[in-house]
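Participant: Below is a structure I'd like to ask you about.
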Amino acid sequence: MVQLYNNRGAIPPTLWDRLLDSASAEIGILVYVGMFLTEKPNLLARLRSKAGSGVRVRILLGNRDSATVKQRSEDEGIGRETISAKIDQADAFFRPLQETKNIEIRHHETVLYNSLYRFDDEMIANPHIFGKTAPMAPALHVRRTATYGLFDAYAESFDAVWSAPTTRGAQ
């Protein structure tokens, strides 16, 4: 583990930028919504540029109609349909990337224990806390090591969700 942050908002924007800019092979995003990403005005252009240079970009958003998304929305105390509406916003944001070579967007129905943001051999893992929204939960900056560790466990989790059946694409 490189660094533990009390909450996701405590991660310096410069770290997000460094991780994104240094990725040369893979970027992976596993979230229900990832709304804070949509607030980065140049993110789509940067992801498109990365994909154009051969970086594999995989984005997993929640399925807005899944029982897991609706339950999570209730558990956070924000109303049964709130996260679904936010997923609609994230879909609209990421939609321009749909036809970009090396970028794939899928939807999942898993119970999301962590939001994951992978950049080659570094990752931000945002473990969720019952009753709290993801930005209020801690975040771990982890890096792949020579021996099996946190990075590998989270990377395997991402790949398992990626490989699970999906229900619909971004619309």
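Residue -18 is where the sequence shown starts when you use my numbering, and the numbers rise one by one after that. Glycine included, C-beta positions come from ideal geometry on N, C-alpha and C.
1) Return the Cβ separation of E57 and G112 in integer angstroms, given the expectation that the two are a contact with Cβ distance under 8 angstroms.
2) Going by Cα to Cα distance, which pick from G33, V123, T128 and A115 is closest to V(-17)?
3) Quick one: what does DSSP say G150 is sitting in, helix, strand or coil?
4) Pull the bridge partners of P116 from the DSSP assignment, please.
5) Classify K67: buried if its beta carbon has 16 or more other beta carbons within 10 angstroms, exposed otherwise.
6) Based on DSSP bridge pairs, tell me the residues matched to Q79.
7) Which class does E137 belong to by DSSP, given the choice of helix, strand or coil?
8) My output table needs one value for E20: the three-state DSSP class, helix, strand or coil.
9) Indicate whether the contact test is met: 3 or more Cβ pairs, each with one atom in the stretch 72 to 90 and one in the stretch 34 to 54, closer than 8 angstroms.
10) Do the CB positions of I8 and R99 come within less than 8 angstroms of each other?
11) Give me, in chain order, the residues of the same chain whose beta-carbon lies closer than 8 angstroms to that of D133; leave out the 5 immediate sequence neighbours on both sides.
Facilitator: Reading it off the structure:
1) 7 angstroms
2) V123
3) Its pLDDT being 47, under 50, G150 is placed unreliably by the model, and the measurement read from it follows with that caveat. Reduced to three states, the DSSP call for G150 is coil.
4) DSSP output for P116 lists no bridge partner at all.
5) buried
6) Answer by DSSP bridge pairing: none, since Q79 is not bridged.
7) helix
8) helix
9) yes
10) yes
11) R125
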